[in-house]
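Below: the structure, in structure tokens.
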Amino acid sequence: NAGVMQNPRHLVRRRGQEARLRCSPMKGHSHVYWYRQLPEEGLKFMVYLQKENIIDESGMPKERFSAEFPKEGPSILRIQQVVRGDSAAYFCASTMARASSGNTIYFGEGSWLTVV
Amino acid sequence: GESVGLHLPTLSVQEGDNSIINCAYSNSASDYFIWYKQESGKGPQFIIDIRSNMDKRQGQRVTVLLNKTVKHLSLQIAATQPGDSAVYFCAEVRDQGGKLIFGQGTELSVKP
Chain A
1 NAGVMQNPRH
11 LVRRRGQEAR
21 LRCSPMKGHS
31 HVYWYRQLPE
41 EGLKFMVYLQ
51 KENIIDESGM
61 PKERFSAEFP
71 KEGPSILRIQ
81 QVVRGDSAAY
91 FCASTMARAS
101 SGNTIYFGEG
111 SWLTVV
Chain B
117 GESVGLHLPT
127 LSVQEGDNSI
137 INCAYSNSAS
147 DYFIWYKQES
157 GKGPQFIIDI
167 RSNMDKRQGQ
177 RVTVLLNKTV
187 KHLSLQIAAT
197 QPGDSAVYFC
207 AEVRDQGGKL
217 IFGQGTELSV
227 KP
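Protein chains in written order, with the working numbering: chain A, 1 to 116; chain B, 117 to 228.
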């Protein structure tokens with residue numbers, strides 16, 4: 001009964017490099033969310049995906065950020081040309097169906113990105 | 117804009133006492149609420165949830181109360197223990213988007 005798995009747990013990138021964060025949802029879950037958390041702050045919604053579809057990306061920055069959830073394999077959050085302001089913890093969550101129907105949403109342990 | 121907010125950023129309680137953490141929300145269309153606990157360096161951990169057609173739900177040592185009239189949510193922890201020290205977030209789910217909207221969080225410190 002593995003939970004939501006995220007990797008890498010810690011990632012250091014130089015300014016201008018690319019960061020790729022991976023998320024494997026819980027078994028049987030086909031809905032994935034990505035959140036960003038800055039130090040001493042709450043979690044900010046970024047994107048909500050279902051297999052092969054982006055449902056809501058209203059929290060994604062317009063540039064440099066993209067997300068996918070292919071039919072096979074983990075969900076990927078990709079940050080191109082990272083800047084220091086991208087340094088944060090990125091959390092993935094998954095659920096079996098739309099959260100609005102009362103399905104519990106479980107979080108992974110996060111990926112900590114540091115841009116130097 | 118609409119948001120979920122918490123009344124107090126920090127709460128300090130004596131071990132063994134009961135804790136009450138509050139949350140205000142502004143969107144009356146929200147139909148599902150969740151409380152999460154987050155320890156340092158870890159992801160949010162589900163504690164308890166409640167649907168908008170309920171006003172109270174109990175778990176093990178925790179109770180969530182929902183007052184839709186004043187758009188207020190609270191988490192009560194009975195016999196608080198040192199292991200309860202963490203940041204607690206309330207989150208709301210809105211039917212249209214199915215996404216969680218988090219509040220800022222309350223840091224609970226338990227004094228031995």
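Glycine is no exception: its CB is placed at the ideal position from the N, C-alpha and C atoms.
Any beta carbon of chain B sitting closer than 8 Å to that of Tyr-48(A)? The beta carbon of Tyr-48(A) sits closer than 8 Å to some beta carbon of chain B.
Would you mind stating whether Asn-138(B) and Ser-201(B) have Cβ atoms separated by less than 8 Å? The criterion of a C-beta distance shorter than 8 Å is not satisfied by Asn-138(B) and Ser-201(B).
Ser-148(B) vs Val-209(B) beta-carbon contact at 8 Å: Checking the displayed sequence, the identity of residue 148(B) turns out to be Tyr instead of Ser. Result yes, Cβ atoms of Tyr-148(B) and Val-209(B) sit closer than 8 Å.
In this structure, what does DSSP give as the bridge partners for Asn-7(A)? Note: Asn-7(A) sits in a beta bridge opposite Arg-22(A).
Can you find a C-beta in chain B that's less than 8 Å from the C-beta of Arg-64(A)? Against chain B, the CB of Arg-64(A) has no partner CB under 8 Å away; the residue lies outside that interface.
So Asn-53(A) is in the beta strand (DSSP E); what residue range does that whole segment cover? In the DSSP assignment, Asn-53(A) falls within the beta strand (DSSP E) that extends over 53 to 56.
Less than 8 Å between the C-beta atoms of Phe-69(A) and Lys-44(A), yes or no? no
With burial defined as no fewer than 16 other Cβ atoms inside 10 Å of the residue's Cβ, what is the status of His-31(A): buried or exposed? buried
Can you tell me whether Arg-84(A) is helix, strand or coil according to DSSP? helix
Using DSSP with H/G/I as helix, E/B as strand and the rest coil, what is Asp-165(B)? strand
Anything in the stretch 65 to 97 of chain A with a Cβ closer than 8 Å to a Cβ of chain B? List those residues in chain order, please. Phe-91 and Ala-93
Excluding the five sequence neighbours on either side, which residues of its own chain have a C-beta within less than 7 Å of the C-beta of Pro-228(B), listed in chain order? By the criterion of a C-beta distance shorter than 7 Å, Pro-228(B) is surrounded in its chain by Glu-131 and Pro-198, once the five residues flanking it on both sides are discounted.
Under 7 Å Cβ to Cβ from Pro-8(A), same chain only, skipping five residues before and after it: list those, please. Once the five neighbours on either side are set aside, the close Cβ partners of Pro-8(A) are Ser-111.
Residues of the stretch 165 to 192 of chain B in Cβ contact with chain A at a cutoff of 9 Å, in chain order, please. Of all residues in the stretch 165 to 192 of chain B, those with a C-beta nearer than 9 Å to a C-beta of chain A are Asp-165 and Arg-167, reading in chain order.
By DSSP, does Asp-200(B) sit in helix, in strand, or in coil? helix
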